[in-house]
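In what follows, a structure is listed as structure tokens, so that the remarks can point back to it.
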Amino acid sequence: MITIIRSRGDLYAELKQTEKAKIDLQQAAIIFRQQNNMATYEQVMQILQQLGG
0 MITIIRSRGD LYAELKQTEK AKIDLQQAAI IFRQQNNMAT YEQVMQILQQ LGG
């Protein structure tokens, strides 16, 4: 499930649908952090920074 949320967030970002991308990527970041998947969490946080969120 988390992979779907992340992928959808990445797709929204590519389509310049920034707000939708931020929502999905923030949700993914929370779950990755809860799962102690810090490498992927950091990747998602970098994307969020690029999106301005």
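Heads up, the sequence shown is in numbering that gives the first Met the number 0, so the first residue is 0 and it goes up one at a time.
We put the beta carbon where it would ideally sit given N, CA and C, even for glycine.
Exercise. Taking buried to mean at least 16 other C-beta atoms within 10 Å of its own C-beta, is residue 51 buried or exposed?
Worked result: On the sequence shown, residue 51 is found 52 positions in, with the first residue counted as 1. Classification of residue 51: exposed, given that the 10 Å Cβ count is below 16.
Problem set entry | Contacting residues, own chain, Cβ-Cβ under 8 Å from residue 30 (five flanking each side not counted) | Taking the sequence shown and counting its residues from 1, the one referred to as residue 30 is at position 31. 1 and 4, listed in sequence order.
Problem set entry | DSSP-derived helix/strand/coil call for residue 16 | Against the sequence shown, residue 16 aligns to sequence position 17. It is coil, neither helix nor strand.
Exercise. Who are the near neighbours of residue 47 in its chain, counting only those whose CB is closer than 6 Å to its CB and skipping five residues on each side?
Worked result: Within the sequence shown, numbered from 1, the residue matching residue 47 stands at position 48. In chain order, 24 place their CB closer than 6 Å to the CB of residue 47, counting only its own chain and leaving out the 5 sequence neighbours on each side.
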